[in-house]
Amino acid sequence: MDKCSPLEAPTPPKSGNPPLGSWRLGVVITSLCLGIFLLGLDQNIIGVAIPRITTEFRSLNDIAWYGSAYLLTITAFQPFFGNLYKYFNAKLVYLVSLVLFEVGSIICAVANKSSVLIFGRAFLGFGAAGLLQGALAIIGNVPVGVAVVAAILLFVNIKPSSNQINHELPLRTKLQQMDAVGTLLFLGAVVSLLLVLQWGGQTYPWSDSRCIGLFVGFGSIAAVFGFWEWKQGDTAIVPFRTLRKRSIHMGALVLFALGMSSLTYAYYLPVYFQSAQGVSTTQSGVQFIALVLPQIVGLVVVGAIVTQWGYYVPYMVAGVVVTSIGAGLLTTIGVSTPTVQWAAYMVINGLGIGMAQQLPYTAVQAVLDPIDVPIGNAIAVFSYQLGGAIAVAIGQNLLLAKLTMTVPRHTNAVTPQAVIAVGATGLEQLAPTPEVLAALRSAYAEALRDPLILALASALLAFPFCCAMERLNIKHIAEKRQQRQAAMDEDKAEAGGKPLSPNREFQDHESNDIRERSAGTN
C-alpha cells in the first residue's frame with residue numbers, strides 16, 4: 001500500500017477532545033486577544049524607548065540594530081516555524097515559542113550593555129516568529145506571558161487534523177522539510193547588507209575593503225540563496241510557485257515599501273520627539289498615538305467596506321496616496337512646529353497606512369487556493385518586516401551622517417562626535433547653556449529630515465506596485481467557492497459518499513476562474 005505524501009490531506013481522524021466552551025473558551029480567547037494587542041504595543045513601545053536606550057548605553061550608532069535584530073530573526077524564522085507546526089505537535093511548538101519569547105524578554109530586561117540588548121532583541125524575534133506562525137503573537141511583560149502559558153496548558157486541547165499524517169513521518173523526513181540551509185543563507189545575505197548600510201560612510205568609507213567585501217558577500221550569498229530556493233521547490237522559505245503569481249509578488253513589494261515607510265516612523269519619530277522637542281519618553285509615547293490610532297481606524301473602516309463591496313485594490317491605491325501625502329508633510333516638521341500641525345500630519349499618514357497595509361493579505365485570500373494561503377501570508381509578513389529592517393539601517397546611516405553636518409552649522413560649543421556619543425536624550429547633559437541646547441535640538445530636527453524623506457520615498461515606491469495588482473473581487477470569489485463546494489458535496493452525496501473528483505481538481509478550477517476574472521477586469 002502506497003504511503004501518503006506530506007502534501008496530501010487525508011480524512012481527519014476523529015478526536016476525543018471536545019471543543020472548548022463556556023468559561024474555558026473565554027479564558028483562552030481573552031489570553032490570545034491580549035497577546036495580539038501586546039504584539040502591536042511592543043512594536044511601537046520599543047521605538048519610543050530607543051532614544052532613552054541610546055543615552056543609557058551611549059549607543060546612538062546601534063539604534064538600527066535594536067530594530068533590525070528583532071525584525072531579521074522574526075522574518076527569517078517564520079517559514080522554519082511554519083514547517084515545525086506542520087510536522088510536529090502544534091501545542092508543543094507554540095508553548096516552546098512562547099518560552100523562547102519570554103527568555104528573550106528577560107534578556108532584554110536585564111541587559112547592562114548594548115550588545116546584550118541586541119542579542120535579546122534577536123532572541124525575542126526568534127520566539128515571536130513561532131508565535132506568529134501559530135496564528136498568535138503574545139508580546140508583553142513576563143507575567144502576561146506566564147499567564148498565557150498557563151491558559152494554553154490547562155485549557156487548550158488541539159485535536160488531530162489533516163496534518164496528522166505529517167506528524168507521523170520519520171524525524172529525518174521532517175527535518176528535511178525545515179530548509180535550514182535556506183534560513184542560514186537568508187540570514188547571511190541580510191546581515192551583510194545591514195552591516196554595510198550602517199558602516200558605509202560612517203564607521204568606514206564606502207571605498208573601504210570591508211564595505212566592498214560586504215557588498216560582494218551580500219550579492220554572492222543572495223545568488224546562492226535564490227538558486228537554493230529554486231531547487232527546494234515547495235519547501236523553500238519563499239516558494240517560487242506561489243511567488244510567481246502577480247498579486248503575490250506585487251503585494252509583497254507593496255508591503256516591502258510600506259514596511260520601510262511605517263517602521264522608519266516607528267523608530268525615528270520618537271527620536272524627533274525626545275531629542276528635537278525634548279519631551280519625556282512617556283510623553284513621546286502619548287504623542288505617537290496620533291499615528292497609531294488612525295491606522296486602526298483606517299484598517300477597520302476599509303476592512304468593512306471591502307467586505308461589503310469586494311473590490312480592494314482601489315482602497316490600496318487610495319491608502320498609498322493618502323499616506324504619501326502625510327509623509328510629504330512630515331518632512332517639513334522642525335523644532336518649532338505647532339502640536340496641532342505635526343499631529344495632523346501624523347493622522348493623515350497613519351490613516352493611509354491603515355487603509356493600505358492589510359489589503360495585500362486580502363489579495364492572498366483571493367488569488368491562492370486555501371491550502372496555499374498560509375504560504376502567501378508568510379511571504380507577505382516576510383516582505384513587510386524585511387523592508388522595515390533595511391529601512392531602519394538606512395535611516396541610522398542618514399541620521400548620523402547628517403548630524404556630523406548640522407551640528408557645526410548650529411553651534412561650535414560641542415562636536416558632532418560628542419553629540420552622537422551621549423545618545424538621543426543626552427543633549428541636556430551635554431549642552432553648557434540653554435542657547436547651545438536649543439542649537440543642538442535644531443541640529444537634530446534638521447538631521448532627522450533625511451530619515452523622514454526616506455519614509456516618503458518608500459511610500460511613493462509602493463504606488464506603482466499597487467497599480468499593478470490584479471483587480472479582483474473577493475466577495476465574488478468567495479461566493480463562487482461556496483457554489484463549487486456545494487456542487488461537490490451534492491455530487492458526493494449522489495455517489496454514496498465517494499468523491500467524484502480530487503481536491504486538486506477543485507483547486508485548479510478555482511485558479512482558472514480567478515485568472516478569468518483577472519483577465520476580464522484588467
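Counting from 1, one number per residue, gives the positions in the sequence shown under full-length UniProt numbering.
For glycine and all other residues, C-beta sits at the position ideal for the given N, C-alpha and C.
* Compute the distance between the beta-carbons of A129 and F88, then report whether it is under 8 Å. => no
Original post:
Is it right to say W342 is buried, meaning 16 or more other beta carbons lie within 10 angstroms of its own, or is it exposed?
Top reply: buried
Q: With DSSP as the reference, please indicate the residues paired to G200 in a beta bridge.
A: Y204
Provide the residue span of the alpha helix (DSSP H) that contains N397, from first to last.
-> V373 to H410
**Q.** S59 beta carbon less than 8 Å from that of T264
**A.** no
Is the region 405 to 415 touching the region 272 to 286, taking contact as three or more C-beta pairs under 8 Å?
no
Closest to D404 by C-alpha separation, out of P338, R172, V313 and T203, would be which residue? The residue you asked about is not Asp; residue 404 is Thr in the sequence shown. The option with the nearest alpha carbon to T404 is T203.
Take Y272 and list the residues in its own chain whose beta-carbon comes closer than 6 Å to its own, dropping the five residues that flank it on each side. L448
request  = State the beta-bridge partners of N473 as determined by DSSP.
outcome  = Y311
Straight-line Cα distance separating L427 from S383: 36 Å
Exercise for the section: Check whether the Cβ of N377 lies closer than 8 Å to any Cβ atom in chain D. Expected result: Chain labels in this structure do not include chain D; a single protein chain is all it has.
Worksheet item: Under a Cβ-count criterion, where at least 16 other Cβ atoms within 10 Å of its own Cβ denotes burial, should W206 be classed as buried or exposed?
Response: W206 is exposed by the Cβ-count criterion.
Compute every distance between the C-beta of A223 and the non-hydrogen atoms of the ligand FMN, then say whether any falls below 7 Å. Looking for the ligand FMN in the displayed structure turns up nothing, as the structure carries no ligands at all.
Check for me: the alpha helix (DSSP H) holding C276 runs from which residue to which? Reading off the sequence shown, one finds Ala at residue 276, where the question assumed Cys. Neither: A276 is in no alpha helix (DSSP H) and is coded neither H nor E.
Quiz item: Beta carbon of M260, beta carbon of C466: below 8 Å?
Solution: no
When burial is assigned at 16 or more other CB atoms within 10 Å of the CB, is G127 buried or exposed? buried
>> Given this structure, state the Cα-to-Cα distance separating A486 from E479, to the nearest angstrom.
In response: Rounded to whole angstroms, A486 to E479 spans 11 Å at the Cα level.
- prompt: If you draw a straight line from the alpha carbon of Q357 to that of L255, how long is it in whole angstroms?
  reply: 7 Å
Task: Whether R121 touches A69 by CB criterion (8 Å) - done: Closer than 8 Å, so yes.
**OP:** Return the Cβ separation of F215 and E229 in integer angstroms, given the expectation that the two are a contact with Cβ distance under 8 Å.
**Re:** 21 Å between Cβ atoms; not a contact.
Which listed residue (R246, V190 and Q198) has its alpha carbon closest to that of A363: R246
Report task. Name the residue from K86, E56, W309 and A64 whose alpha carbon lies nearest to the alpha carbon of L171. Result -> Distance from the Cα of L171 is smallest, within the candidate group K86, E56, W309 and A64, for K86.
### Message
So K113 and F57 are supposed to be a Cβ contact under 8 Å. How far apart are they, rounded?
### Response
6 Å
Who are the near neighbours of A64 in its chain, counting only those whose CB is closer than 6 Å to its CB and skipping five residues on each side?
Q198, V392, A393 and Q396
- Backbone secondary structure at R58 - three-state DSSP: coil
**Chain-order list of residues whose beta-carbon lies under 7 Å from that of A439 (same chain, five-residue window excluded)** = Excluding five sequence positions before and after A439, the CB atoms of its chain that fall closer than 7 Å to its own CB belong to H410 and T411, given in chain order.
Notebook entry, point to check: In three-state terms, what does DSSP make of L243?
Noted result: helix
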